[in-house]
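Enquirer: Quick one: this structure, given as structure tokens, is what I'll be asking you about.
Number of protein chains: 2
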Amino acid sequence: MDVTPLIDHLNSFLPLTEEETSELQKRVSQKTVKRRQFILSSGEVCKHYNFIVEGCFKMYKVDDTAKEHNLHFAVENQWITDIGSFHSEQPSQLYIEAVEPSSILQISKSDLIHFYEHNIKFNRIFRVMVEDEFVRLQNRLLQTISTTAEQRYLEFIEQYPDLFNRISNVQVASYLGITPEFLSNIRKKLSQS
Amino acid sequence: MDVTPLIDHLNSFLPLTEEETSELQKRVSQKTVKRRQFILSSGEVCKHYNFIVEGCFKMYKVDDTAKEHNLHFAVENQWITDIGSFHSEQPSQLYIEAVEPSSILQISKSDLIHFYEHNIKFNRIFRVMVEDEFVRLQNRLLQTISTTAEQRYLEFIEQYPDLFNRISNVQVASYLGITPEFLSNIRKKLSQS
DNA sequence: CGAAAATTTGACATGACTCAACTGGAGTGG
DNA sequence: CCACTCCAGTTGAGTCATGTCAAATTTTCG
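First to last, the sequence lines map onto chains F and H. Quick note on numbering: the numbering used here labels position 176 of the first sequence as 176, and the sequence is numbered without any gaps. Quick note on numbering: the numbering used here labels position 3 of the second sequence as 3, and the sequence is numbered without any gaps.
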């Protein structure tokens with residue numbers, strides 16, 4: 001098992017000592033995930049913080065008319081977790097599904113708590129990580145309540161050009177909060193002008 | 001200056017010792033804010049974490065057509081801060097304005113860093129606080145991309161009955177991402193059924 | 001009281017959804 | 001290698017959700 005990508009990622013927040021690194025190595029487990037496989041299903045408690053080594057995931061809710069609503073995409077060197085369910089230990093209402101064949105590193109809650117209690121760095125790293133995600137989410141919400149679908153699409157392409165090539169337009173539409181048909185309209189209109 | 005409300009609030013996350021309490025007392029400053037007064041304006045760097053002792057604030061963006069878009073309301077015993085600007089020390093694009101005559105307690109960045117570095121509890125408390133806010137924001141985004149304005153209005157009333165009585169419908173509309181006129185339509189329709 | 005802001009109303013315009021049909025790859029099994 | 005299926009993507013017609021603008025009315029607060 002190679003935890004290098006995770007170590008590198010954490011080092012980018014705060015440098016870790018060798019001891020911390022080896023401690024981490026002991027408490028992380030590796031998992032290979034096939035395309036379309038779930039690492040969290042609605043109704044389950046989210047038991048892990050998931051760090052993506054390779055691949056791509058989506059996190060979404062399914063509403064009562066069976067439509068998917070995408071909250072988040074994540075690729076290599078990012079985390080994907082239902083933080084609410086993870087901390088409250090209540091059933092999640094979300095799914096986390098692999099969009100591509102993937103490889104992840106998982107940390108369980110008890111192990112994360114171990115790090116929180118024995119090492120000030122981890123509190124700090126995870127606080128900063130959540131703050132960064134919070135800011136991103138806040139900007140997206142602001143955009144969602146203040147702009148039109150076309151603008152949101154354009155900004156999405158600009159902000160995540162990599163993602164844009166890896167996921168279907170159905171997924172993008174769901175992320176933007178519109179129907180695939182309407183996204184198709186927008187794309188047509190944009191290609192004509 | 002009475003910091004009791006803040007102490008109580010922090011104690012609800014993790015109990016503080018007397019020493020921590022008195023340390024906090026030294027590093028917090030009190031401020032009285034009039035209705036319509038700003039504690040943050042677009043273009044400024046957000047220099048404080050603001051804890052509300054009394055009153056109510058809104059945080060919003062003004063777009064290029066001069067319309068306000070409300071990101072957040074906060075009342076007694078809650079925090080209101082542009083976390084992004086606070087940590088990056090970049091100019092904020094947001095305003096934080098008192099909706100009522102208010103009283104707040106402020107912690108500057110250097111003081112917060114002092115707590116982070118000298119006391120593991122504060123990292124922990126602020127990590128948990130941001131996580132909670134993150135979950136709230138995530139649910140709101142999910143709701144925004146998956147439901148109609150009428151549903152969002154009904155859920156808003158249900159979730160924040162207190163707030164609902166303290167702020168104008170113009171503000172609520174801006175929070176829900178719709179125009180005041182359309183909110184007026186919704187309210188009329190609901191009162192008829 | 002008086003000014004400013006909030007709320008309501010209605011006519012009209014545009015954004016966005018629904019449904020159904022069609023097109024065109026990307027696998028898959030024979 | 002072909003025929004087949006299965007999705008993703010597109011198209012268009014009709015409908016509903018929401019926005020714009022302007023004006024009248026009511027409320028709020030200094």
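Virtual Cβ for every residue (Gly too), placed ideally from N, Cα, C. All values reported here derive from a predicted model rather than from experimental measurement.
Are the CB atoms of Phe38 of chain H and Tyr116 of chain H within a distance shorter than 9 Å?
Expert: no
Enquirer: Which runs of the alpha helix (DSSP H), 4 residues or longer, sit entirely within the stretch 23-100 of chain H?
Expert: Qualifying alpha helix (DSSP H) stretches, in chain order: 83-88.
Enquirer: Look up Leu190 of chain H in the DSSP assignment and give the residues it is bridged to.
Expert: DSSP output for Leu190 of chain H lists no bridge partner at all.
Enquirer: Strictly below 9 Å CB to CB, what residues from chain H border Ile83 of chain F?
Expert: Glu131, Phe134, Val135 and Gln138
Enquirer: Assuming Ser102 of chain H and Cys46 of chain H make a contact with CB atoms under 8 Å, what is their CB distance in whole Å?
Expert: Not quite, the Cβ-Cβ distance comes to about 17 Å (not below 8 Å), so this is no contact.
Enquirer: Less than 8 Å between C-beta atoms, sequence neighbours within five positions excluded: which residues of the same chain meet that for Lys189 of chain F?
Expert: Glu150
Enquirer: With DSSP collapsed to three states, give me the class of Leu105 of chain F.
Expert: strand
Enquirer: Give the secondary structure of Val135 of chain H by DSSP, where H, G and I count as helix, E and B as strand, and everything else as coil.
Expert: Residue state, collapsed to three classes: helix.
Enquirer: Measure the Cβ-Cβ separation of Leu141 of chain H and Leu137 of chain F and say whether it is below 9 Å.
Expert: yes
Enquirer: Around the C-beta of Asn165 of chain H, are 16 or more other C-beta atoms found within 10 angstroms, so that it is buried, or is it exposed?
Expert: exposed
Enquirer: How is Val3 of chain F classed by DSSP in three states: helix, strand or coil?
Expert: When secondary structure is reduced to three states using DSSP, Val3 of chain F falls in the coil class, being assigned neither helix nor strand.
Enquirer: Can you tell me where the alpha helix (DSSP H) holding Arg166 of chain F begins and where it ends?
Expert: Careful: Arg166 of chain F lies outside any alpha helix (DSSP H) and carries neither H nor E.
Enquirer: Per DSSP, what kind of secondary structure is Phe13 of chain F in: helix, strand or coil?
Expert: When DSSP states are grouped into helix, strand and coil, Phe13 of chain F belongs to the coil group.
Enquirer: Using a cut-off of 9 Å between C-beta atoms, extract the partners of Lys61 of chain H located in chain F.
Expert: Leu142 and Ser146
Enquirer: Is Asn120 of chain F close to chain H, meaning its C-beta is less than 9 Å from at least one C-beta of that chain?
Expert: In the sequence on display, residue 120 of chain F carries Ile and not Asn. Taking Cβ atoms only, chain H reaches closer than 9 Å to Ile120 of chain F, which makes this a yes.
Enquirer: Check whether the stretch 14-29 of chain F touches the stretch 58-76 of chain F, counting contact only when three or more Cβ pairs, one atom from each stretch, lie closer than 8 Å.
Expert: no
Enquirer: Between Gln202 of chain H and Met59 of chain H, which are expected to be in contact by the criterion C-beta below 8 Å, what is the C-beta distance as a whole number of angstroms?
Expert: Because chain H here runs from 1 to 193, residue 202 of chain H falls outside it and cannot be looked at.
Enquirer: If you measure beta-carbon to beta-carbon, which residues of the stretch 39-70 of chain H are closer than 7 Å to chain F?
Expert: Lys61, Asp63 and His69
Enquirer: Going by C-alpha to C-alpha distance, which of H:Val75, H:Phe182, H:Phe13 and H:Phe51 sits closest to Ile167 of chain H?
Expert: H:Val75
Enquirer: Does Tyr116 of chain H have its Cβ less than 9 Å from a Cβ in chain F?
Expert: yes
Enquirer: If you draw a straight line from the C-alpha of Ile107 of chain H to the C-alpha of Arg36 of chain F, how long is it?
Expert: 47 Å
Enquirer: What does Arg187 of chain F reach in chain H if we use C-beta pairs closer than 7 Å?
Expert: Within 7 Å Cβ-Cβ: nothing; Arg187 of chain F doesn't reach chain H, min ~19 Å.
Enquirer: State the DSSP-derived secondary structure class of Tyr153 of chain H, mapped to helix, strand or coil.
Expert: Note: Tyr153 of chain H maps to helix in three-state DSSP.
Enquirer: Taking the alpha carbon of Val170 of chain H as the reference point, which residue from H:Asn185, H:Arg127 and H:Leu6 has its own alpha carbon closest?
Expert: H:Asn185
Enquirer: For the 8 Å Cβ check, are there 3 or more pairs between the stretch 176-185 of chain F and the stretch 77-92 of chain H?
Expert: no
Enquirer: Between the alpha carbons of Ser146 of chain H and His69 of chain F, how many angstroms are there, rounded?
Expert: 6 Å
Enquirer: Check each candidate in H:Thr148, H:Glu131 and H:Pro91 and name the one with the smallest Cα separation from Leu40 of chain H.
Expert: Considering only H:Thr148, H:Glu131 and H:Pro91, the residue with the shortest C-alpha distance to Leu40 of chain H is H:Pro91.
Enquirer: So Phe126 of chain H contacts chain F; which residues on that side make the cut at Cβ distance below 8 Å?
Expert: Arg127
Enquirer: By how many angstroms is the C-alpha of Leu105 of chain F removed from the C-alpha of Val33 of chain F?
Expert: Here the alpha carbons of Leu105 of chain F and Val33 of chain F stand approximately 11 Å from one another.
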